Amino acid sequence: NAGVTQTPKFRILKIGQSMTLQCAQDMNHNYMYWYRQDPGMGLKLIYYSVGAGITDKGEVPNGYNVSRSTTEDFPLRLELAAPSQTSVYFCASSLVHFDVRTNYGYTFGSGTRLTVV
Amino acid sequence: GQQLNQSPQSMFIQEGEDVSMNCTSSSIFNTWLWYKQDPGEGPVLLIALYKAGELTSNGRLTAQFGITRKDSFLNISASIPSDVGIYFCAGRSGTGNQFYFGTGTSLTVIP
């Protein structure tokens with residue numbers, strides 16, 4: 433059981449380039465999330481999805497796009513990379529949105545470290 | 063967005079010592095989570111709290127949901143080297159879809 437898999441683990445982009453961060457989960461989870469983590473800061477929610485075909489903005493969505501064509505995959509797209517997007521990106525998933533009856537939390541991937549120069 | 067403040071920012075302790083850290087918010091939350099992040103990895107859920115005053119343990123870890131609903135506490139007893147990492151709190155108000163994360167407490171355990 434692989435859990436949440438993120439690729440690539442590291443990437444260096446030039447300003448203005450575009451790229452897609454991949455995220456896949458094999459747990460049949462409905463909910464998926466993208467967070468960014470800046471040094472000394474907590475996780476900030478970029479986008480989330482409650483199921484295939486449904487996405488919504490989080491706290492810091494500007495400069496990013498997402499799609500959810502399947503339950504398993506939730507790619508994050510950067511169209512015009514900027515230095516402010518240098519960060520560590522985490523994808524997470526959950527079966528339901530933290531059902532208090534079952535204590536389902538988020539399962540996080542191991543992260544993608546992105547540097548924009 | 064919601065502001066969660068964690069303190070202390072970092073701790074350096076001797077193996078065997080107890081550890082206490084806390085998290086405060088500007089808003090009332092109805093769910094508090096505590097995560098641990100090892101270097102190069104994603105956060106892993108340690109403890110979840112659902113109501114004010116609740117005290118929940120997970121091995122040597124104990125967390126409490128503050129009675130004001132604006133804070134939470136995490137204690138680690140008899141620390142060991144593998145406790146090293148960054149501990150994050152996260153909270154949610156109402157039934158919204160977003161958890162807000164604290165800035166983290168970095169723990170170093172000296173053998």
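Protein sequences, first through last, are from chains W and Y. For this note's numbering, count along the first sequence from 1 and bump the result up by 432. For this note's numbering, count along the second sequence from 1 and bump the result up by 62. Note that beta-carbon positions come from the ideal geometry of N, C-alpha and C, so glycine has one too. Fair warning: this is a prediction, and the values are worked out from it, not measured in the lab.
Ranked by how close their Cα comes to the Cα of W:Gly448, the residues W:Phe540, W:Ala514, W:Ala456, W:Lys476 have W:Ala514 in first place. Counting along the chain, Y:Asp133 sits inside the beta strand (DSSP E) bounded by residues 133–138. If the five residues before and after W:Gly483 are omitted, its C-beta is found closer than 6 Å to the C-beta atoms of Asn462, all from its own chain and listed in chain order.
DSSP places Y:Ser155 in the coil class of the three-state scheme, outside both helix and strand.
Annotation: W:Met459 is outside any beta strand (DSSP E) and is labelled neither H nor E by DSSP.
For W:Gln517, the secondary structure class from DSSP, reduced to helix, strand or coil, is helix. Contact annotation, W:Tyr479 with W:Asp488: C-beta distance approximately 7 Å; criterion of less than 8 Å satisfied.
Taking the C-beta atoms as reference points, W:Gly543 is found nearer than 8 Å to W:Tyr521.
About 7 Å separates the CB atoms of Y:Asn137 and Y:Val81; that is less than 8 Å, so the two are in contact. The closest CA to that of W:Met451, considering only W:Met459, W:Phe442, W:Gln457, is found on W:Phe442.
Under the DSSP definition of a beta bridge, Y:Val81 partners with Y:Ile138. Looking at W:Gln454, W:Val436, W:Ala524, W:Thr518, the one whose alpha-carbon comes closest to that of W:Arg509 is W:Gln454.
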